[in-house]
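Quick notes on the structure that follows.
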Amino acid sequence: MIQEKYPKVFTWLFIGLIITFLTGYSLSLYPYATLRLNSGGTYIILAIIEIAIAIFFSTRLHKMSKLTAIICYLIYSFLTGITFGVIFLAFKLSSIMSIFLITSIVFLAFAVIGMTTKKDLSKMSMWLLMSLLAILVAGIVNIFVKSSMLDLIITIISTIVFIAYIIYDMKNAEYIIREVGEDKGAIYGAFQLYLDFINLFINLLKLLGKANDN
(Lines of atoms letter the chains of each structure in order from A and count residues from 1; the text may use other names and numbers.)
(Lines give C-alpha, C1' and ligand atoms only; values in the text may rest on other atoms or scores of the structure.)
Protein backbone atom coordinates (compact mmCIF):
# COMPACT_ATOMS: atom_id res chain seq x y z
CA MET A 1 0.00 0.00 0.00
CA ILE A 2 1.09 3.56 -0.74
CA GLN A 3 0.44 4.57 2.88
CA GLU A 4 3.25 2.23 3.90
CA LYS A 5 5.68 4.31 1.82
CA TYR A 6 4.99 7.54 3.73
CA PRO A 7 7.52 6.78 6.51
CA LYS A 8 10.28 6.95 3.88
CA VAL A 9 8.97 10.31 2.69
CA PHE A 10 8.97 11.70 6.22
CA THR A 11 12.40 10.23 6.95
CA TRP A 12 13.92 12.04 3.98
CA LEU A 13 12.03 15.21 4.92
CA PHE A 14 13.48 15.03 8.43
CA ILE A 15 17.00 14.49 7.07
CA GLY A 16 16.71 17.53 4.81
CA LEU A 17 15.42 19.75 7.60
CA ILE A 18 18.15 18.59 9.99
CA ILE A 19 20.83 19.42 7.41
CA THR A 20 19.34 22.86 6.75
CA PHE A 21 18.89 23.92 10.35
CA LEU A 22 22.20 22.50 11.59
CA THR A 23 24.03 24.18 8.71
CA GLY A 24 22.30 27.48 9.40
CA TYR A 25 23.01 27.36 13.12
CA SER A 26 26.62 26.27 12.68
CA LEU A 27 27.29 29.00 10.13
CA SER A 28 25.69 31.66 12.34
CA LEU A 29 28.45 31.03 14.89
CA TYR A 30 30.67 32.84 12.38
CA PRO A 31 28.73 36.05 11.65
CA TYR A 32 31.25 37.53 9.22
CA ALA A 33 31.30 34.39 7.07
CA THR A 34 27.51 34.18 7.19
CA LEU A 35 27.06 37.74 5.97
CA ARG A 36 29.72 37.33 3.27
CA LEU A 37 28.06 34.19 1.90
CA ASN A 38 24.63 35.84 1.91
CA SER A 39 25.50 39.09 0.19
CA GLY A 40 26.42 40.29 -3.28
CA GLY A 41 27.56 37.91 -5.98
CA THR A 42 27.97 34.93 -3.66
CA TYR A 43 24.32 35.01 -2.68
CA ILE A 44 23.23 35.28 -6.32
CA ILE A 45 25.40 32.31 -7.26
CA LEU A 46 23.94 30.22 -4.42
CA ALA A 47 20.41 31.18 -5.48
CA ILE A 48 21.10 30.24 -9.11
CA ILE A 49 22.55 26.88 -8.08
CA GLU A 50 19.49 26.14 -5.92
CA ILE A 51 17.12 27.01 -8.77
CA ALA A 52 19.16 24.90 -11.19
CA ILE A 53 19.07 21.90 -8.83
CA ALA A 54 15.31 22.24 -8.35
CA ILE A 55 14.72 22.39 -12.12
CA PHE A 56 17.10 19.49 -12.82
CA PHE A 57 15.52 17.42 -10.04
CA SER A 58 11.97 17.91 -11.30
CA THR A 59 12.67 17.55 -15.03
CA ARG A 60 15.09 14.60 -14.88
CA LEU A 61 13.50 12.60 -12.07
CA HIS A 62 12.36 9.77 -14.34
CA LYS A 63 15.84 9.26 -15.81
CA MET A 64 18.10 9.91 -12.84
CA SER A 65 19.35 7.23 -10.47
CA LYS A 66 18.42 7.01 -6.81
CA LEU A 67 21.93 8.21 -5.90
CA THR A 68 21.59 11.29 -8.10
CA ALA A 69 18.24 12.08 -6.49
CA ILE A 70 19.78 11.79 -3.03
CA ILE A 71 22.70 14.05 -3.99
CA CYS A 72 20.38 16.70 -5.45
CA TYR A 73 18.24 16.71 -2.32
CA LEU A 74 21.11 16.82 0.15
CA ILE A 75 22.99 19.57 -1.72
CA TYR A 76 19.82 21.65 -1.94
CA SER A 77 19.21 21.22 1.80
CA PHE A 78 22.79 22.25 2.55
CA LEU A 79 22.65 25.35 0.33
CA THR A 80 19.37 26.39 1.95
CA GLY A 81 21.12 25.98 5.29
CA ILE A 82 23.73 28.53 4.21
CA THR A 83 21.01 31.12 3.62
CA PHE A 84 19.44 30.14 6.95
CA GLY A 85 22.58 31.37 8.68
CA VAL A 86 21.17 34.88 8.36
CA ILE A 87 17.94 33.78 10.05
CA PHE A 88 19.87 32.51 13.07
CA LEU A 89 21.65 35.86 13.24
CA ALA A 90 18.50 37.95 12.82
CA PHE A 91 16.15 36.11 15.17
CA LYS A 92 16.41 34.85 18.74
CA LEU A 93 17.17 31.14 18.97
CA SER A 94 14.23 30.63 21.34
CA SER A 95 11.94 32.28 18.78
CA ILE A 96 13.29 30.11 15.95
CA MET A 97 12.70 26.98 18.02
CA SER A 98 9.16 28.07 18.91
CA ILE A 99 8.28 28.84 15.29
CA PHE A 100 9.81 25.54 14.21
CA LEU A 101 7.51 23.74 16.66
CA ILE A 102 4.48 25.70 15.45
CA THR A 103 5.40 25.00 11.83
CA SER A 104 5.78 21.29 12.59
CA ILE A 105 2.34 21.11 14.21
CA VAL A 106 0.66 22.97 11.34
CA PHE A 107 2.56 20.90 8.79
CA LEU A 108 1.59 17.56 10.36
CA ALA A 109 -2.05 18.57 10.70
CA PHE A 110 -2.41 19.41 7.02
CA ALA A 111 -0.16 16.55 5.90
CA VAL A 112 -2.63 14.16 7.53
CA ILE A 113 -5.40 15.76 5.50
CA GLY A 114 -3.36 15.23 2.34
CA MET A 115 -2.67 11.60 3.22
CA THR A 116 -6.24 10.68 4.10
CA THR A 117 -8.35 12.65 1.62
CA LYS A 118 -9.99 10.67 -1.16
CA LYS A 119 -10.56 13.74 -3.32
CA ASP A 120 -8.73 14.35 -6.59
CA LEU A 121 -6.58 17.40 -5.89
CA SER A 122 -5.05 17.67 -9.37
CA LYS A 123 -7.13 20.76 -10.14
CA MET A 124 -5.37 22.56 -7.28
CA SER A 125 -2.11 22.54 -9.23
CA MET A 126 -2.94 25.45 -11.54
CA TRP A 127 -4.52 27.49 -8.74
CA LEU A 128 -1.46 27.04 -6.56
CA LEU A 129 0.92 27.90 -9.39
CA MET A 130 -0.99 31.08 -10.25
CA SER A 131 -1.01 32.04 -6.57
CA LEU A 132 2.76 31.58 -6.37
CA LEU A 133 3.28 33.73 -9.46
CA ALA A 134 1.04 36.44 -7.99
CA ILE A 135 3.03 36.36 -4.74
CA LEU A 136 6.28 36.61 -6.69
CA VAL A 137 5.07 39.58 -8.74
CA ALA A 138 3.73 41.33 -5.63
CA GLY A 139 7.06 40.73 -3.88
CA ILE A 140 8.99 42.26 -6.77
CA VAL A 141 6.66 45.27 -6.79
CA ASN A 142 7.14 45.71 -3.06
CA ILE A 143 10.92 45.89 -3.51
CA PHE A 144 10.29 49.30 -5.07
CA VAL A 145 7.17 50.31 -3.14
CA LYS A 146 8.59 49.27 0.25
CA SER A 147 5.16 48.99 1.86
CA SER A 148 5.06 47.25 5.24
CA MET A 149 1.31 46.67 4.83
CA LEU A 150 1.78 45.03 1.42
CA ASP A 151 4.58 42.91 2.87
CA LEU A 152 2.25 41.74 5.64
CA ILE A 153 -0.50 40.89 3.15
CA ILE A 154 1.97 38.97 0.95
CA THR A 155 3.24 37.03 3.96
CA ILE A 156 -0.27 36.07 5.12
CA ILE A 157 -1.36 34.98 1.63
CA SER A 158 1.91 33.09 1.15
CA THR A 159 1.30 31.25 4.42
CA ILE A 160 -2.14 30.15 3.24
CA VAL A 161 -0.79 29.07 -0.15
CA PHE A 162 1.97 26.91 1.32
CA ILE A 163 -0.46 25.29 3.75
CA ALA A 164 -2.53 24.36 0.70
CA TYR A 165 0.64 23.09 -0.95
CA ILE A 166 1.26 20.75 1.99
CA ILE A 167 -2.10 19.06 1.37
CA TYR A 168 -1.52 18.92 -2.38
CA ASP A 169 2.08 17.66 -2.25
CA MET A 170 1.25 15.07 0.40
CA LYS A 171 -1.47 13.67 -1.85
CA ASN A 172 0.76 14.04 -4.90
CA ALA A 173 3.44 11.90 -3.25
CA GLU A 174 1.19 8.90 -3.93
CA TYR A 175 1.30 9.49 -7.67
CA ILE A 176 5.02 10.19 -7.69
CA ILE A 177 5.78 6.92 -5.89
CA ARG A 178 3.57 5.00 -8.30
CA GLU A 179 5.20 6.67 -11.29
CA VAL A 180 8.93 6.54 -10.49
CA GLY A 181 9.11 3.89 -7.77
CA GLU A 182 9.34 3.88 -4.01
CA ASP A 183 12.94 5.06 -3.58
CA LYS A 184 13.06 8.04 -5.94
CA GLY A 185 9.41 8.83 -5.28
CA ALA A 186 10.00 9.09 -1.54
CA ILE A 187 13.01 11.38 -2.05
CA TYR A 188 11.27 13.69 -4.50
CA GLY A 189 8.08 13.69 -2.46
CA ALA A 190 10.16 14.70 0.56
CA PHE A 191 11.81 17.44 -1.51
CA GLN A 192 8.46 18.99 -2.39
CA LEU A 193 7.26 18.80 1.21
CA TYR A 194 10.61 20.20 2.35
CA LEU A 195 10.01 23.29 0.21
CA ASP A 196 6.53 23.65 1.72
CA PHE A 197 7.87 23.35 5.27
CA ILE A 198 10.72 25.81 4.72
CA ASN A 199 8.49 28.44 3.13
CA LEU A 200 5.81 28.02 5.80
CA PHE A 201 8.48 28.35 8.49
CA ILE A 202 9.89 31.54 6.95
CA ASN A 203 6.43 33.11 6.66
CA LEU A 204 5.48 32.24 10.24
CA LEU A 205 8.83 33.57 11.41
CA LYS A 206 8.13 36.88 9.66
CA LEU A 207 4.70 37.03 11.27
CA LEU A 208 5.52 35.79 14.78
CA GLY A 209 9.30 35.75 15.20
CA LYS A 210 11.23 37.90 17.66
CA ALA A 211 14.30 39.64 16.27
CA ASN A 212 17.66 39.62 17.99
CA ASP A 213 18.39 42.74 20.01
CA ASN A 214 21.99 43.00 18.86
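Per full-length UniProt numbering, the sequence shown starts with residue 1, numbered consecutively. Backbone N, C-alpha and C fix where the C-beta goes; we use that ideal spot for every residue, glycine too. All values reported here derive from a predicted model rather than from experimental measurement.
Test item: CB-CB of residue i and residue j under 8 Å
i	j	result
PHE78	THR23	yes
VAL9	LEU193	yes
PHE91	ASN212	yes
LEU101	THR155	no
SER28	GLY85	yes
TYR73	PHE191	yes
LEU61	TYR188	yes
PHE88	ILE96	yes
ALA109	MET170	no
ASP196	LYS66	no
LEU46	THR83	yes
PHE14	THR103	no
ALA138	LEU129	no
Run of the alpha helix (DSSP H) containing residue i, from where it starts to where it stops
i	result
LYS184	182-208
SER131	124-145
residue 215	Residue 215 lies beyond the residue range present for the chain, which begins at 1 and ends at 214; the question has no answer from this structure.
8 Å contact criterion, which residue i and residue j should meet: CB distance rounded
i	j	result
ILE198	ILE113	Incorrect: roughly 20 Å between the Cβ atoms, too far for contact.
LEU132	VAL106	The Cβ separation is near 19 Å, so there is no contact.
ILE135	SER158	5 Å
Residue i Cβ short of 7 Å to the ligand PLP heavy atom set
i	result
PHE144	In the structure on display, the ligand PLP does not appear, and there are no ligands present to speak of.
Segments assigned alpha helix (DSSP H), at least 4 residues, entirely inside the stretch 31-115 = 31-37, 40-59, 66-90
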